[in-house]
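K.L.:
Before we start, here is the structure in question, set down as structure tokens.
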Amino acid sequence: MNAPENSLTKEQITHFAQRIDARKSLLLDEIRQVLARSTNEHYVDLVGGVGDSGDKAAASLLRDITEAEIIRDIGEVRDIAAAEQRIAAGQYGLCIDCGEAIRYKRLDAYPTAKRCFTCQIRREKLQAPSPYTGR
Numbered sequence: 001m002n003a004p005e006n007s008l009t010k011e012q013i014t015h016f017a018q019r020i021d022a023r024k025s026l027l028l029d030e031i032r033q034v035l036a037r038s039t040n041e042h043y044v045d046l047v048g049g050v051g052d053s054g055d056k057a058a059a060s061l062l063r064d065i066t067e068a069e070i071i072r073d074i075g076e077v078r079d080i081a082a083a084e085q086r087i088a089a090g091q092y093g094l095c096i097d098c099g100e101a102i103r104y105k106r107l108d109a110y111p112t113a114k115r116c117f118t119c120q121i122r123r124e125k126l127q128a129p130s131p132y133t134g135r
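Sequence positions in the sequence shown follow UniProt numbering and run 1 to 135.
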């Protein structure tokens with residue numbers, strides 16, 4: 001059985017690799033800034049000092065938002081690392097499920113895409129919570 005052929009040119013792969021690398025640099029800078037800000041800020045001070053339970057709730061919300069931002073950015077950095085591995089292995093632009101080429105338009109919109117549109121939809125349907133079981 002032959003390995004699937006990638007329809008992307010070397011120039012296109014280089015273009016996507018540069019975009020991915022630039023996004024990774026931006027995300028890592030954002031993570032560093034958020035972490036530095038969170039260690040320098042006391043969330044209670046952001047709402048004018050300890051007052052009532054509303055102030056504490058606002059401070060807690062700010063902390064939760066910061067944590068959510070970091071978790072989201074780390075997830076994207078992991079996707080980037082996986083895309084970089086596929087580039088190094090010569091598998092970038094190929095669906096990890098079916099092995100078919102991922103359309104250029106999809107990669108242009110989402111450079112870390114690891115599945116073709118059809119396989120991604122199939123995966124999302126399998127992972128969607130059931131309206132009957134809640135899972």
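Where is the CB? At the ideal position from N, CA and C, for every residue including glycine.
For the region 90 to 105 and the region 29 to 37, state whether three or more C-beta atom pairs, one from each stretch, are separated by less than 8 angstroms.
P.N.:
The region 90 to 105, when compared against the region 29 to 37, does not touch it at the 8 angstroms Cβ threshold.
K.L.:
With distances taken between CB atoms, is the gap from K24 to I70 smaller than 7 angstroms?
P.N.:
Translated into the one-based positions of the sequence shown, residue 24 becomes position 24. Translated into the one-based positions of the sequence shown, residue 70 becomes position 70. Their beta carbons are not under 7 angstroms apart, which means K24 does not touch I70 by this criterion.
K.L.:
Could you check the C-alpha separation between D64 and K114 for me, to the nearest Å?
P.N.:
Looking up residue 64 in the sequence shown gives position 64. Looking up residue 114 in the sequence shown gives position 114. If you take the alpha carbons of D64 and K114, they lie about 29 angstroms apart.
K.L.:
Applying the criterion that 16 or more other CB atoms from any shown protein chain within 10 Å of the CB defines a buried residue, is Q127 buried or exposed?
P.N.:
The residue given as residue 127 occupies position 127 in the sequence shown. Label assigned to Q127: exposed.
K.L.:
For R106, which residues of its own chain have a beta-carbon under 8 angstroms away from its beta-carbon, when the five flanking residues on both sides are left out?
P.N.:
Within the sequence shown, the letter at position 106 stands for residue 106. Result list for R106: A113, C116 and F117, in chain order.
K.L.:
With H, G and I counted as helix, E and B as strand and the rest as coil, what does DSSP make of V47?
P.N.:
The residue you call residue 47 lines up with position 47 of the sequence shown. Because V47 carries a pLDDT of 48, less than 50, the predicted location of this residue cannot be relied on, and the following value inherits that uncertainty. Residue state, collapsed to three classes: coil.
K.L.:
Please report how far the alpha carbon of A17 lies from the alpha carbon of I87, in whole angstroms.
P.N.:
In the sequence shown, counting from the first residue as 1, residue 17 sits at position 17. In the sequence shown, counting from the first residue as 1, residue 87 sits at position 87. For A17 and I87, the distance between alpha carbons rounds to 8 angstroms.
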